[in-house]
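Residue numbers for the sequence shown follow the working numbering, so the first one is 308 and each next one is one higher.
Idealized CB from N, CA, C, for every residue including glycine.
These numbers were taken from a predicted model, which means no experiment stands behind them.
Just below is one structure, and these are the notes that go with it.
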Amino acid sequence: MATLGNTFFRNFLFCRKSKTLKQFHVISHNLSSINRMVGCDKILEVGRLPLVRQITGQQLDLQKRKVLSSNHNLFCCPSRFASIYRNNQGAKQNRPKAQTTIDEEEIEKFSALAQLWWDETGEFEALHSMNSVRVPFIQTTLQNAANANRVPSKSLQGLKILDVGCGGGIFAEPLARLGATVIGIDASEENIRIAQNHLRNDPNIVCKVKYIHSTVEDVVATEGNTFDAVVASEVVEHVADVDTFIESCCNLVKPGGSLFLTTINKTVSSYLLGVLAAERLLHLVAPGTHNWNKFISPMDLQYIIERNNLVTRLVHGLKYNPLTKKWKWSSDTSINYAIHAIKPKS
């Protein structure tokens, strides 16, 4: 048993060096205390959705994060967003390389999988399934914030949403069908091409969605404080510089607007279930999909958000059942979790 334990421990440490390929993750319930995991003071039940309130003002020690540099080109965007394109060109030329959030290896891997974005039973099956919980979450939260009596099918009418790391558009399109004007950005030009091609299949939302080959830090130069909501779902764990990424996302939210994030906690459970089980035992995702060293705890993420003048409202755990292939909300944040934060109006 001692030998087996030592072998497992060495394997656990070795996972820090693994390379990454974006895909989703399998999660299961963990019995560890969520108070210890996220620093929460209580759990509130609202309908069927367990909500975890955070403790604000908590001082946390953040790990230093490696910053990678890269150069990239913007996709030629529609004339309505020409100003974003032109200003982002200059922003990229003038921005120090150390401030980029791009991880070139991640971009190459995503570009190689671009053709599979709309295969609902393929590599991105779990992301498609996640829409069943993340779309209603954003819909309900934004509708309540607006205090407007809208038709449910168009509950996001008039709202402007930025989908950061939009991939093939599998999250942007459902938001547009609810009435929102959505701008999807991605650092992979191939992903943007796939997203634009698929958008043509639905004439009802062609004018509601615009895809731009860009990074979030480049968009800040022209679109700061303009979005009702900024969404970065399953992106945080794939960027080169989390601090710069979150800062840019926060700067794009207008006063009174919302920031929505989903990502993976950095725990033993997330390695055992989200990496080891998902990739090597159940083969739900390809080996090398996850890099445990890039995961981040809710406490660290909340600290970065609040340092950028947003207030964390809610932290939700997410659980994926590999048998039913469905997601559901959970009070356990030890693996997958979502965060909602707002920018105060004053």
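- For Leu449, the enclosing alpha helix (DSSP H) has its first and last residue at Glu432 to Ala453.
- Rounded to the nearest whole angstrom, the CA to CA distance from Leu466 to Asp548 is 29 Å.
- In the three-state DSSP reduction, His505 falls in the helix class (H, G or I).
- DSSP, read as helix, strand or coil, puts Pro651 in coil.
- Gln503 has its alpha-carbon roughly 31 Å from the corresponding atom of Lys626.
- The straight-line gap separating the alpha-carbon atoms of Ser436 and Lys632 is approximately 7 Å.
- Take Glu497, set aside five residues on each side of it, and the residues of its chain with a beta-carbon closer than 6 Å to its own are Ser418 and Ala421, in chain order.
- Contact annotation, Ser641 with Ser576: C-beta distance approximately 5 Å; criterion of less than 8 Å satisfied.
- Look at Arg614 here: in three-state DSSP terms it is helix.
- At the C-beta level, Thr408 and Thr570 stay beyond 8 Å of one another.
- Close CB contacts of Leu579 within its chain, under the 6 Å cut and outside five residues either way in sequence, are absent.
- Ranking Glu524, Ile499 and Ala453 by CA distance to the CA of Tyr518 puts Ile499 first.
- The three-state reading of DSSP puts Gly624 in strand, counting E and B together.
- Straight across, the Cα-Cα distance linking Gly474 with Lys652 is about 31 Å.
- Cβ-Cβ separation between Gly472 and Val542: approximately 4 Å, consistent with a contact (criterion under 8 Å).
- In terms of Cα proximity to Asp410, the closest of Ala494, Cys514, Ile649 and Arg620 is Ala494.
- Spanning the alpha carbons of Phe567 and Glu427 requires a straight line of approximately 23 Å.
- Our two residues, His597 and Asp535, have alpha carbons roughly 31 Å apart in a direct line.
- Taking 8 Å as the cut-off, the beta carbon of Ala487 is found no closer than this to the beta carbon of Ile501.
- The DSSP-derived three-state label of Ser641 is coil.
- Relative to the Cα of Val442, the nearest Cα in the group Val582, Ile477, Val618 and Leu423 belongs to Ile477.
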